[in-house]
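Only one structure is covered here, and it is reproduced in the block below.
Number of protein chains: 2
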Amino acid sequence: MSQAGNVVIAQGGGPTAVINASLFGLVKAATQGLKRSGKVWGARGGIVGVQKHSWIDLRMPSNTLWKQIMLSPGAALGSCRKMLNLEEAIEAVHILCKNDVRYFFHIGGNDSMDTALKMSDAASALNYEMACCGIPKTIDNDLSGTDHCPGFGSAARYIAQSTVDLGMDIRALPTPVSILEVMGRNAGWLTASTLIARRDPDDAPHLIYVPEVPLSRTNFLGDVQRVYEKYGWVVVTVSEGVKDENGASWGTDHRKKTDGFGHPLPGDVAAELAALVNAELGLRARSEKPGLLGRSSALMVSAADRLEAEGVAIFGASWAMKGNTSFMASIQRRRTRKYAVEYGAVPLMSVANVTRLLPAEYISSDRNDITEGYRTYVEPLIGGPLLRYARLESKERRTATTKTRKGI
Amino acid sequence: MSQAGNVVIAQGGGPTAVINASLFGLVKAATQGLKRSGKVWGARGGIVGVQKHSWIDLRMPSNTLWKQIMLSPGAALGSCRKMLNLEEAIEAVHILCKNDVRYFFHIGGNDSMDTALKMSDAASALNYEMACCGIPKTIDNDLSGTDHCPGFGSAARYIAQSTVDLGMDIRALPTPVSILEVMGRNAGWLTASTLIARRDPDDAPHLIYVPEVPLSRTNFLGDVQRVYEKYGWVVVTVSEGVKDENGASWGTDHRKKTDGFGHPLPGDVAAELAALVNAELGLRARSEKPGLLGRSSALMVSAADRLEAEGVAIFGASWAMKGNTSFMASIQRRRTRKYAVEYGAVPLMSVANVTRLLPAEYISSDRNDITEGYRTYVEPLIGGPLLRYARLESKERRTATTKTRKGI
């Protein structure tokens, strides 16, 4: 049965490589579910576009264009970091009401779910019947109520492959230490994914630091020195949000700045750690910080991630059109041997502003590494094996080489 | 006619994604050119491995392993940054002489060519007949005597694609400024390659800064402000080696450190520039620094680059076995409409320690951009078109969107 009314979709927060697959899923499902006369609008620049009534007709673009958009990184509608208070949400709902919008979809992370909840509260307060639905999206993978978040698998693939590549470079190099900075302000899911790069014990990464564990200067330097003595080279992966034992952020540059949501911006952690290794251990160290490249590389998209980004959005749209509201669509992993998922819905109330941290079971007892259990969790999400490389020498020979290299 | 004597190959300086294709080319050609009893050895860890007589038999690995090695980033033999003086070179030639080595190949950049020349001088001084040959390799593309250098095309592909990807992300983002740091201490060839990313005038990158042009604080801030006012977002690409108008390096961290060749290590230029934009223009700015990932990504390898890396090495080996010495194999571009190359040889004397800078004709009159002439030079080297994306809105609409976004 076709539903009356119109649809507005917004994208919030930082984009991912598959956020437009969710957008496409919503448009497709909404177009099918609505009456022929129903409109599907996209708000330009996130919730701010809703407030400003800056909307674009999403039923207009051709199928060919949609196929291309789906494969394009960045938020096709534009995004913002604004959070609405209830008063602003009420004003926004007034605008939606005037345009007979009966379905509001917000694709985003924790903060965007809060805004979706505010919109839902505002609609209730106004006694206006409108379904408010969140579609999960974050490379941080820190939304609760879902097994994982669309966007995460592709970012995990990017950073794990980059760790393999970096390991090949540093292994052969006279600069023996590299610190790879990974996005993630509060949760270490993405940084932990670099574990996938390691197959042999001496493979990169040798040390993994997540924001869930305080990183003291002493422990860090001790860890690096110990790995260097063992292998002759060290690749460290570290989350941009890692804190010291007093809870202060590592990194120097942006420490006092905050983003649009009021969160402090993390600094250049890897650069600071590399400088520390140079100064204190006398080892040549450098840092790499792919930053936004890690969430915008279409070449590194996980096929599973893209499919799920579209699938969870289609589920969300149809669930809303079945009369449900104030929920976030979610991905649940089946308890089967072979990886499989099904989609569901959780109350927005339970996910808005909640940060799901990396569980303690995934953090090694030394607190500088990730446990193998995490590999089982994350490997199916990256959409197939990484590109692996060969080395000229056998392990025994490599050990000899390493010994030689230390003297260089 | 098969040649008597043995071969030693070393890899010097930072690796590239195709350095092992050159290694493979040398091994293949040397194996064909030598007598059946002739040895082809690889020195572990660069010239230091030659000095220490730490060698590996390169005729041993299977064809299957060689195919994998060829596709693997990093220096398969290991590398170093040591430069030999004549005395050390004489000692090294003594070791080669004792093992009846009649061909020495050094795969590397400017400094490695200097070492190859020293080895050649040492052999002459000892009246020992040994061909000394350099095989060009550097992502910096700053060797003279060759149209371009193996490794450069793949690194150019990586950074140009990354600029396209980053542009898609930033265009849709409330953080309107991103500074992308590109490798290259002295020469701007690689940073200039980000020009390929730009098709429409408003595409990233909007500003390109190379080390050949001093970058003053005032000009930089003025440029960013102007682009921001025009488009509402700014992507800057900057070489790690860029200097200010007094010749001092930008970037803070490693300023006083030097690498093994005695060159100062460049700092985190992009991070410093982003902090400056934050502080002085009040615009949210961030930095990305893929660093070594830009030369170790096998996924981004340019097919043309890999073929040439192998081809120029094969030429070098056969040229040496024809009785030539003290040369670097080189790539010359044919004057044909369709891109084609031939290989040649230039005296080591003319390339050792010479840095080929980006010619002035490729730098825009405003000195903050690269001319279209450079596109003609660089595009054939990246091995095919980049991955391009679609956008939802037409140009007219996007302009309207940009106007809206500025208010966010």
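Chain order of the listed sequences is A and B. According to our numbering, the residues represented by the first sequence are 1 to 408, in order. According to our numbering, the residues represented by the second sequence are 1001 to 1408, in order. Positions of the beta carbon are idealized from the N, C-alpha and C atoms, including for glycine. For clarity, every value in this text was computed on a predicted model and none was experimentally measured.
- Taken through DSSP and simplified to helix, strand or coil, R1199 (chain B) comes out as coil.
- For the region 1064 to 1083 of chain B, the residues whose beta carbon sits under 8 Å from a beta carbon of chain A are, in order, L1065, Q1068, I1069, L1071, S1072, P1073, G1074, A1075, A1076, L1077, G1078, S1079, C1080, R1081 and K1082.
- Counting along the chain, V1224 (chain B) sits inside the alpha helix (DSSP H) bounded by residues R1217 to Y1231.
- Classified as buried, T1237 (chain B) has 16 or more neighbouring CB atoms from the shown chains inside 10 Å of its CB.
- Annotation for R1157 (chain B): M1300, S1302, I1382 and G1383 place their beta carbon closer than 7 Å to its own, counting only its chain and skipping 5 residues before and after.
- According to the DSSP assignment, I1135 (chain B) belongs to the beta strand (DSSP E) that extends over A1131 to P1136.
- The C-beta distance from L1195 (chain B) to I1363 (chain B) rounds to 11 Å, too long to fall under 8 Å, and the pair is not in contact.
- Beta-bridge analysis with DSSP links Q1003 (chain B) to B:L1034.
- A straight-line Cα-Cα distance of about 6 Å links R1334 (chain B) and A1340 (chain B).
- Proximity of chain B to R391 (chain A) at the Cβ level (cut-off 8 Å) is accounted for by I1069, S1072 and A1076, in chain order.
- For G241 (chain A), no Cβ of chain B is located within less than 7 Å of the residue's own Cβ.
- Bounds of the beta strand (DSSP E) holding M328 (chain A) are F327 to R333.
- Contact between the region 1192 to 1206 of chain B and the region 1153 to 1170 of chain B is established, with three or more Cβ pairs separated by less than 8 Å.
- Taking a C-beta cut-off of 8 Å against chain A, the contacting residues of the region 1275 to 1290 of chain B are A1275, N1278, R1284, R1286, S1287, E1288, K1289 and P1290, listed in chain order.
- When CB distances to chain A are screened at a threshold of 9 Å, the residues of the region 1168 to 1183 of chain B falling below it are M1168, D1169, I1170, R1171, A1172, L1173, P1174, T1175, S1178, L1180 and E1181, in chain order.
- The straight-line gap separating the alpha-carbon atoms of R388 (chain A) and S1072 (chain B) is approximately 8 Å.
- For E288 (chain A), the enclosing beta strand (DSSP E) starts and ends at A285 to E288.
- Identification of residues in the region 1289 to 1317 of chain B having a C-beta nearer than 8 Å to some C-beta of chain A yields K1289, P1290, G1291, L1292, L1293, R1295, S1296, S1297, A1298, L1299 and M1300, given in sequence order.
- Chain B has a Cβ within less than 7 Å of the Cβ of A271 (chain A).
- The contact set of G153 (chain A) on chain B, defined by CB atoms closer than 7 Å, is empty, because the minimum CB distance reaches about 17 Å.
- In this model, M1328 (chain B) and T191 (chain A) are separated by some 43 Å (Cα to Cα).
- In the DSSP assignment, G1311 (chain B) falls within the alpha helix (DSSP H) that extends over A1303 to M1321.
- By the C-beta density criterion, R102 (chain A) is buried, having at least 16 other C-beta atoms within 10 angstroms.
- Chain order gives the chain B residues near D268 (chain A) as D1268 and A1271, where near means a beta carbon separation below 7 Å.
- Proximity of D1165 (chain B) to chain A, defined by a Cβ-Cβ separation below 7 Å, is satisfied.
- In this structure, DSSP gives G1042 (chain B) an extended state, which the three-state scheme calls strand.
- No residue range can be given for R391 (chain A), since it is assigned to no alpha helix (DSSP H) and is classified by DSSP as neither H nor E.
- For R1102 (chain B), the secondary structure class from DSSP, reduced to helix, strand or coil, is strand.
- In the DSSP assignment, A1010 (chain B) is bridged to B:H1106.
- It is roughly 53 Å from the alpha-carbon of A1187 (chain B) to the alpha-carbon of A30 (chain A).
- Counting only residues of its own chain and dropping the five nearest sequence neighbours on each side, S112 (chain A) has a CB closer than 6 Å to the CB of G12, G13 and H106.
- In the assembly as shown, S1365 (chain B) is an exposed residue. Its beta-carbon has fewer than 16 other beta-carbons within 10 Å.
- I1331 (chain B) and S154 (chain A) have their C-alpha atoms roughly 38 Å apart.
- Assignment of beta strand (DSSP E) within the region 54 to 89 of chain A, counting only whole runs of 3 or more residues, yields 55 to 57 in chain order.
- Of the candidates A:Y228, A:K289, A:Y343 and A:D100, A:K289 places its Cα closest to the Cα of S1178 (chain B).
- With contact defined as three or more Cβ pairs closer than 8 Å, the region 1137 to 1156 of chain B and the region 1224 to 1240 of chain B are not in contact.
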